[in-house]
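Under the working numbering, the residues of the sequence shown are numbered 1 to 250, in order.
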Amino acid sequence: MRSIFDWRLPVLAIQFLTRLPTPQIQHFEPSLLAKSVGWFPMVGLIVGGLLLIPAYGLQQEPWLAAVLSLLLWVWVTGGLHLDGLADMADGLGASHRDPARFLAVLKDPHLGSFGVLSLIMQTILKLILLMLCIRSHAWWAILLIPAWARSGVYSWQTLPALAPGMAEQFGWKKTPYLGWSWWLCLLGLSVWLSPWLVLGLAVIVVYRSWLKHKLGGVTGDCLGAGIEMSESALLICAIVGPIIAHTIAN
Numbered sequence: 001m002r003s004i005f006d007w008r009l010p011v012l013a014i015q016f017l018t019r020l021p022t023p024q025i026q027h028f029e030p031s032l033l034a035k036s037v038g039w040f041p042m043v044g045l046i047v048g049g050l051l052l053i054p055a056y057g058l059q060q061e062p063w064l065a066a067v068l069s070l071l072l073w074v075w076v077t078g079g080l081h082l083d084g085l086a087d088m089a090d091g092l093g094a095s096h097r098d099p100a101r102f103l104a105v106l107k108d109p110h111l112g113s114f115g116v117l118s119l120i121m122q123t124i125l126k127l128i129l130l131m132l133c134i135r136s137h138a139w140w141a142i143l144l145i146p147a148w149a150r151s152g153v154y155s156w157q158t159l160p161a162l163a164p165g166m167a168e169q170f171g172w173k174k175t176p177y178l179g180w181s182w183w184l185c186l187l188g189l190s191v192w193l194s195p196w197l198v199l200g201l202a203v204i205v206v207y208r209s210w211l212k213h214k215l216g217g218v219t220g221d222c223l224g225a226g227i228e229m230s231e232s233a234l235l236i237c238a239i240v241g242p243i244i245a246h247t248i249a250n
């Protein structure tokens, strides 16, 4: 039970995924990073709660609220997952189906045109979707989506690591029981508060399947990219789902 209730694990999860201040961990062990994955959805709930501050507080001006929410989203995460998205986009765009070339591009610190385009498209997409969520008062979706996206790491980390790095470290210690507990919790909350978010598990499984068949494994950048893409996909579900249901009902 120590691995679940060790106070260092949630603290390390917050340190790794956000810029938020936390107590310092005096005796760090590399295996702790893998075990901290069990607390990633909790960090997502914290991020979602912070996003609600400008989103709910400035709801009368949805575009302003969306801009400030997006800026907060990027700041609080340090752009960590956006960096992974950009690197993966560069790798896929320049590799021409060559796995060795893909990994080489991921290691290149320079940002290419594919990475720039992915960042532009992702930030514009999130900005518009945030505005629509705020305008439709989809507060629970804003709270739960960051948690859903980060829970995907449970599934994606079970794939083979394509290179030494974060993906390999996350694979050191699986957290199946805590992972399933979070998924059950998120499913229950979604059914109750934002039903279209039950598609979160489908989004996670589809991305894992794509990684397996397209790349044959996972890297740290792929984990970050998966979080970004899952957030966008679930924002779309939260907005488009009710529109489809209303159209069918009428």
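Glycine included, each C-beta is placed from N, C-alpha and C at the ideal position.
Note that the structure is a prediction, hence the values are computed from the model and not measured.
Between residue i and the rest of its own chain, which residues show a CB-CB distance below 7 Å, the 5 nearest in sequence each way excluded?
i	result
Trp-172	For Trp-172, the predicted model reports a pLDDT of 49, less than 50, meaning its position is unreliable; a value from the coordinates is still stated below. Excluding sequence neighbours, Trp-172 sits near Ser-31, Ala-34.
Cys-133	Ala-141, Ile-142, Leu-235, Ala-238, Ile-239
Pro-54	Ala-65, Leu-68, Ser-69, Leu-72
Gly-224	Leu-80, His-81, Asp-83, Gly-84, Leu-85
Examine the ligand GTP and report whether any of its heavy atoms sits within less than 7 Å of the Cβ of residue i.
i	result
Glu-231	For the ligand GTP, the structure offers nothing, since it holds no ligand at all.
Pull up the distance between the alpha-carbon of residue i and that of residue j, whole angstroms please.
i	j	result
Pro-146	Leu-17	11 Å
Trp-192	Gly-38	23 Å
Leu-215	Gly-91	11 Å
Gly-78	Lys-107	19 Å
Met-229	Val-203	9 Å
Leu-127	Leu-58	15 Å
Leu-12	His-27	12 Å
Ile-248	Asp-221	39 Å
Ala-245	Thr-219	37 Å
Met-42	Pro-10	8 Å
Ile-14	Val-76	10 Å
Trp-156	Met-88	15 Å
Gly-93	Gly-217	18 Å
Lys-212	Ala-104	19 Å
For the alpha helix (DSSP H) containing residue i, list its first residue and its last residue.
i	result
Val-218	That residue, Val-218, is in no alpha helix (DSSP H); it is neither H nor E in DSSP.
Arg-150	139-156
Pro-30	30-35
Trp-63	62-77
Thr-210	It should be pointed out that residue 210 corresponds to Trp in this sequence rather than to Thr. Looking at the DSSP string, the run of the alpha helix (DSSP H) that includes Trp-210 is 200-210.
Ile-128	113-135
Asp-87	80-95
Gly-44	40-57
In this structure, what does DSSP give as the bridge partners for residue i?
i	result
Ala-161	Val-218
Among residues of its own chain, excluding the 5 on either side of residue i, which ones have a beta-carbon nearer than 8 Å to its beta-carbon?
i	result
Leu-201	Trp-183, Leu-187
Val-63	Note that residue 63 corresponds to Trp in the displayed sequence, not to Val. For Trp-63, where only same-chain residues beyond five positions count, the Cβ hits under 8 Å are Met-131.
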